[in-house]
Amino acid sequence: MIAVTDGEAIISLDFTDEVSMNDHSDHPLLLQLEKELGEYFVGKRASFSLPLNPTGTPFQKSVWNTLITIAYGQTITYAEEAKRFGNPKATRAVANANGRNPIAILIPCHRVIATGGGLGGYSGGIEKKEFLLRLESEKSSH
């Protein structure tokens, strides 16, 4: 994964297929992110404490704030997300905003699935969405 901070908050966290050992930073936020993600991936963390400052439109930021309310180990549909967001007719716009989420995992767009139970899309790749949902489902049931 590649993370970026503006010095005050995490502004980006994304998946990458590149392997690079010399891009590590000793910035306290990135070190804390590495620690919290490590705990998340072994099932010892269900929420994150880091400040977030994603870049996006006011609409996108409002949608992303809705995503943060989805509990660990839970999923909702895009239609349900639009209802929670306060505009049930905005399902497609909400789904598009999810696709532009710049902070993977911490803003949990992977917890939103299609009506009927299909996974829908995921900018990190559908196999990563499946992995994250399975991880959370297994850890939340213990």
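The sequence shown runs 102 to 243 under this note's numbering. Positions of the beta carbon are idealized from the N, C-alpha and C atoms, including for glycine.
8 Å contact criterion, which residue i and residue j should meet: CB distance rounded
i: ILE298; j: LEU153; result: There is no way to answer for residue 298, as the model of the chain reaches only from 102 to 243.
Same chain, Cβ closer than 7 Å to residue i, neighbours up to 5 away in sequence not counted
i: ASP107; result: ASN154
Whether residue i touches residue j by CB criterion (8 Å)
i: PHE160; j: LEU207; result: no
i: LEU134; j: ILE111; result: yes
i: THR167; j: ARG146; result: no
i: GLY221; j: PHE116; result: no
i: THR192; j: ALA183; result: yes
i: LYS240; j: GLY144; result: yes
Own chain, CB closer than 6 Å to residue i, minus 5 neighbours either side, in chain order
i: LEU233; result: HIS211
Residues of its chain near residue i, where Cβ-Cβ distance is below 8 Å and the 5 sequence neighbours each way are ignored
i: SER238; result: GLY174
i: LEU151; result: ALA110, ILE111, LEU130, GLN133, LEU134, GLU137, LEU207
Counting Cβ pairs closer than 8 Å, one from the segment 165-184 and one from the segment 208-223, do we hit at least three? yes
Curious, which full-length alpha helix (DSSP H) runs of at least 4 residues does the segment 117-172 contain? 129-142, 159-168
Unbroken beta strand (DSSP E) runs of length 3 or more, entirely within the segment 178-220: which are they? none
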